[in-house]
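One structure is given below, encoded as structure tokens.
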Amino acid sequence: MTQPAGEGLAFVLTADPNLPANSTAQIVAVEFDTRKSYPEDLDDNHAGLNLQSVYSVEQVSLSGIGVNLSSETDVTVRIEYDGTNLTVFLGTIRIISRSIDLSVYLPEKVHVGFSGSTSQLTQLNCIRSWEFISSKIGDGDSNMLWVWIVSPILALVLTLCSTAGFLLWRRRRMQLLDDPNPTIEEAIQGSSTAPRKFKLKELKIATGNFNPRNKLGKGGFGTVYKGILEGKEVAVKKVSKKSTQGKQEFISEVTTIGNLRHRNLVKLIGWAYERREYLLVYEYMPNGSLDRWVSSNGPSSGLTWATRIGIIVGSAHALDYLHNGCEKRILHRDIKASNIMLNLDYDAKLGDFGLARTIRQSDQTHHSTKEVAGTPGYMAPEIFLTGRATVETDVYGFGVLMLEVACGRRPGGGVMCPDDDDYSSNIVKKVWELYRMGDLLNAADSGMNGDFHEEEMARVLILGLTCCHPNPNKRPSMKLVLKVLTGESEAPELPLERPAFVWPPLPPSFKDKDYSLVGSQLTAFTELSGR
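Dropping the structure here:
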């Protein structure tokens, strides 16, 4: 379309469908004008009623009701005539109403249709759908025209539908239809307790076609939208098409969390896969993710110490269940604040199992990968050397999470190269330094104004540092973490000086039922997959 645009579109009733010699023919028209062609026109965005002339006997500017005919959006129009009054509706808004006898201007039989004018310019109008209904009203003068026009969907789409756009749409549609991807169906349906499968159409309706106003958040795995499904609030995750392992993460999420039932795990309600769209449906968490409550530049807001300790304990229960309560041990591999969801009562629920992997508890101690998966700041230093995820690497991430919640600050930095002294995230270095100086409680979030139980705070901070010990063999199991948090056990001893990172690690000085990393062979890798 050129700028300025052409002269718009009109719905017409005419005695002769051929082009008239002048504008005084037997024509009645409702025009939708996108150009101020004559001084009499209100503006370049108006509707008008024309009687045997290009000049409107009645017109209204559409700008005042928030409609722009040149905005490339659909417009729904309804025109009604009951024998005495002609009324035009735009959506549900009445824009024109005029008492008129159409038999004065038209013969008994007329042609009905549309007319568009471009003048010397270019404009494309598209009628999506239209309907015309007429019926005789009463036994009045046979010369009188009784017409009832109903156009429930008269969409005037301006400045769109170019040939290039059509070809692009057609090409994309063909690509989508060629992607049945049966392996996804097989992998998910082969799971013993696969969650419910939804239709893409159902989830589009639930989220208002993924309306940006329903957007809850966005992460490396995808965007989450709020929706209403069968009368209940849900969260719908639309997996990012830019995700490097979208398919694998999607299958892992459904087959892993779909089989789990625990009060501190986010419940997966269902899934959908159509036209290369990966979607997951979860229970809705009104208070969002924990990272929203932990400030990156200052004190957390609205979280009391009781709430924080509850979040830490709930998260510990979730991770302990994954490590010790399932038939197959599950390594989450991405413990972090943005993956801890909070319900209405601020109860913690662990989610996002896109990176999770299962291992056998009897003899397998780790999961090896060609990529280093996780989030910088929460990743244990040894994973950069081995490429292996273990229960100890999960515990390290949980330790960072504990410090984050207690201190009210983000980790602040990633794990550096292991042969660099700065291998730990900044929050670990900061808290360990305060611990060495005998000023540990000064690490507590200043936003609480000292309103916390000092013994509990010290226990949490020391336990968090212990979980982040450079030697994975010195990190506690999640069972021990829970016992310390509930006061059933003392926190493990922690050296005042932060130990240097050494690999292979020193052998453990105690043995428990944790499955620690065995062997010292180094694994070469080059790729870091941050989340």
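Here the sequence shown stands for residues 30 to 560, where the numbers follow my numbering. Idealized CB from N, CA, C, for every residue including glycine.
Can you list, in chain order, the residues of its chain whose CB lies under 6 Å from that of K459, leaving out five sequence neighbours each side? Translated into the one-based positions of the sequence shown, residue 459 becomes position 430. Residues of the same chain with a CB within less than 6 Å of the CB of K459, apart from the 5 flanking positions on each side, do not exist.
In or out: N47 buried (at least 16 other Cβ within 10 Å) or exposed? Stepping through the sequence shown from its first residue, residue 47 is reached at position 18. Counting every other CB atom within 10 Å of its CB across the protein chains shown gives N47 a total below 16, marking it as exposed.
What are the complete beta strand (DSSP E) segments, minimum 3 residues, inside the stretch 73 to 152? The stretch 73 to 152 contains these whole beta strand (DSSP E) runs: 75 to 80, 85 to 90, 106 to 110, 114 to 119, 122 to 128, 140 to 145.
For R64, count the other beta carbons within 10 Å of its own beta carbon; 16 or more makes it buried, fewer makes it exposed. Which is it? For the purposes of this step, residue 64 is taken as residue 35 along the sequence shown, with counting starting at 1. Label assigned to R64: buried.
How about E433 and A366: are their beta carbons less than 7 Å apart? Here residue 433 is taken as the residue at index 404 of the sequence shown, counted from 1. Here residue 366 is taken as the residue at index 337 of the sequence shown, counted from 1. In contact: E433 and A366 (Cβ atoms closer than 7 Å).
For G256 and G339, I'd like the C-alpha separation in whole angstroms. Sequence index remark: in the sequence shown, residue 256 carries index 227 (1-based). Sequence index remark: in the sequence shown, residue 339 carries index 310 (1-based). Linking G256 to G339 through their CA atoms gives a straight-line distance of about 28 Å.
Taking the beta strand (DSSP E) that W300 falls in, what are its first and last residues? Within the sequence shown, the letter at position 271 stands for residue 300. For W300, the enclosing beta strand (DSSP E) starts and ends at 297 to 303.
Could you give the residue range of the alpha helix (DSSP H) that holds V489? Translated into the one-based positions of the sequence shown, residue 489 becomes position 460. Start and end: 483 to 496.
Give a yes or no on contact between the stretch 370 to 382 and the stretch 403 to 413, applying the rule of three or more CB pairs nearer than 8 Å. They do not touch, by the three-pair rule.
Using the Cβ count rule (16 or more neighbours within 10 Å means buried), how would you classify V513? Translated into positions along the sequence shown, residue 513 becomes position 484. So V513 ends up on the buried side.
Just to confirm before moving on: does the CB-CB distance between S128 and N114 stay below 7 Å? Here residue 128 is taken as the residue at index 99 of the sequence shown, counted from 1. Here residue 114 is taken as the residue at index 85 of the sequence shown, counted from 1. Against a cut-off of 7 Å, the Cβ pair of N114 and S128 comes out as a contact.
Output the distance between the C-alpha atoms of M507 and W461, rounded to the nearest integer angstrom. Position 478 of the sequence shown, counting from 1, holds the residue named residue 507. Position 432 of the sequence shown, counting from 1, holds the residue named residue 461. Computed Cα separation, rounded: 21 Å.
Please name the residue in N478, M477, E484, L469 whose C-alpha comes closest to that of L494. Mapped onto the sequence shown, residue 494 falls at position 465. Ranking N478, M477, E484, L469 by Cα distance to L494 puts L469 first.
So F227 and G287 are in contact, right, with Cβ under 8 Å, and what is the actual spacing, rounded? Indexing the sequence shown from 1 puts residue 227 at position 198. Indexing the sequence shown from 1 puts residue 287 at position 258. About 13 Å separates the two Cβ atoms, so there is no contact after all.
Under 6 Å from any heavy atom of the ligand COA, does the C-beta of Y311 make it? With respect to small molecules bound, the structure shown includes none, and the ligand COA cannot be examined in it.
If you drop the 5 nearest sequence neighbours on each side, which residues of the same chain put their C-beta closer than 7 Å to that of G95? Residue mapping note: residue 95 aligns to position 66 of the sequence shown, counting from 1. Cβ neighbours of G95 beyond the five flanking positions: none.
Give the DSSP-derived three-state secondary structure of M477 in the structure shown. Position 448 of the sequence shown, counting from 1, holds the residue named residue 477. Under the three-state reduction of DSSP output, M477 falls in the helix class.
Check the DSSP bridge columns for S506 and list the partner residues they point to. Stepping through the sequence shown from its first residue, residue 506 is reached at position 477. Answer is none; S506 lacks a bridge partner.
Going by beta carbon distance, what residues of the same chain come within less than 6 Å of N368, once the five residues before and after it are set aside? Position 339 of the sequence shown holds residue 368. Residues of the same chain with a CB within less than 6 Å of the CB of N368, apart from the 5 flanking positions on each side, are G380, D381 in chain order.
Taking its Cβ as the centre, do 16 or more other Cβ atoms sit within 10 Å of R504, making it buried, or is it exposed? Stepping through the sequence shown from its first residue, residue 504 is reached at position 475. Buried, since its Cβ has 16 or more Cβ neighbours within 10 Å.
Which class does E526 belong to by DSSP, given the choice of helix, strand or coil? Counted from its first residue, the sequence shown places residue 526 at position 497. If DSSP states are grouped into helix, strand and coil, E526 belongs with coil.
Locate the beta strand (DSSP E) running through F427, then write down its first and last residues. As a first step, residue 427 must be located in the sequence shown, where it is residue number 398. Counting along the chain, F427 sits inside no beta strand (DSSP E); it lies in the alpha helix (DSSP H) bounded by residues 420 to 436.
Helix, strand or coil for T336, going by three-state DSSP, please let me know. Counted from its first residue, the sequence shown places residue 336 at position 307. DSSP places T336 in helix when its eight states are reduced to three.
Can you check which of these residues, K261, L229, V295, V323, is closest to R304 by C-alpha distance? Translated into the one-based positions of the sequence shown, residue 304 becomes position 275. Checked all of K261, L229, V295, V323; the closest Cα to R304 is L229.
Where does A366 fall in DSSP's three states? Counted from its first residue, the sequence shown places residue 366 at position 337. Residue state, collapsed to three classes: helix.
Give me the DSSP bridge partner(s) of G251. Looking up residue 251 in the sequence shown gives position 222. Per DSSP, the beta bridge partners of G251 are V268.
Going by the beta-carbon positions, is the gap between G428 and C497 smaller than 7 Å? Counted from its first residue, the sequence shown places residue 428 at position 399. Counted from its first residue, the sequence shown places residue 497 at position 468. Yes, the Cβ-Cβ distance between G428 and C497 is below 7 Å.
Same chain only: Cβ atoms within 8 Å of V263, ignoring 5 sequence neighbours per side: Locating residue 263 in the sequence shown gives position 234, where the first residue counts as 1. For V263, where only same-chain residues beyond five positions count, the Cβ hits under 8 Å are A235, K255, G256, I257, I298, V310, Y311, E312, Y313.
Cβ of V57 within 7 Å of Cβ of V117? Here residue 57 corresponds to residue number 28 of the sequence shown, with the count starting at 1. Here residue 117 corresponds to residue number 88 of the sequence shown, with the count starting at 1. Cβ atoms of V57 and V117: not closer than 7 Å.
Contact under 7 Å by Cβ, A472 with L463: Here residue 472 refers to the residue found at position 443 when the sequence shown is read from its first residue. Here residue 463 refers to the residue found at position 434 when the sequence shown is read from its first residue. A contact, by the Cβ cut-off of 7 Å.
Taking 7 Å as the threshold (C-beta atoms), are A418 and R362 in contact? The sequence position of residue 362 within the sequence shown is 333, counting from 1. The sequence position of residue 418 within the sequence shown is 389, counting from 1. With contacts defined by Cβ atoms closer than 7 Å, R362 and A418 form a contacting pair.
Can you list, in chain order, the residues of its chain whose CB lies under 6 Å from that of K266, leaving out five sequence neighbours each side? Position 237 of the sequence shown, counting from 1, holds the residue named residue 266. So the list reads G251, V253, L309, once near-sequence residues are dropped.
Out of curiosity, what's the CA-to-CA distance linking S99 and D72? Taking the sequence shown and counting its residues from 1, the one referred to as residue 99 is at position 70. Taking the sequence shown and counting its residues from 1, the one referred to as residue 72 is at position 43. So the alpha carbons of these two residues sit roughly 13 Å apart.
Look up D468 in the DSSP assignment and say whether it is helix, strand or coil. Here the question's residue 468 lines up with position 439 in the sequence shown. In the three-state reduction of the DSSP assignment, D468 falls in the coil class, being assigned neither a helical nor a strand state.
Decide if G426 is buried, meaning its Cβ has at least 16 other Cβ atoms within 10 Å, or exposed. In the sequence shown, counting from the first residue as 1, residue 426 sits at position 397. The residue is buried, with at least 16 neighbouring Cβ atoms inside 10 Å.
So, is T102 buried or exposed, given that buried needs 16 or more other C-beta atoms within 10 angstroms? Residue mapping note: residue 102 aligns to position 73 of the sequence shown, counting from 1. Label assigned to T102: exposed.
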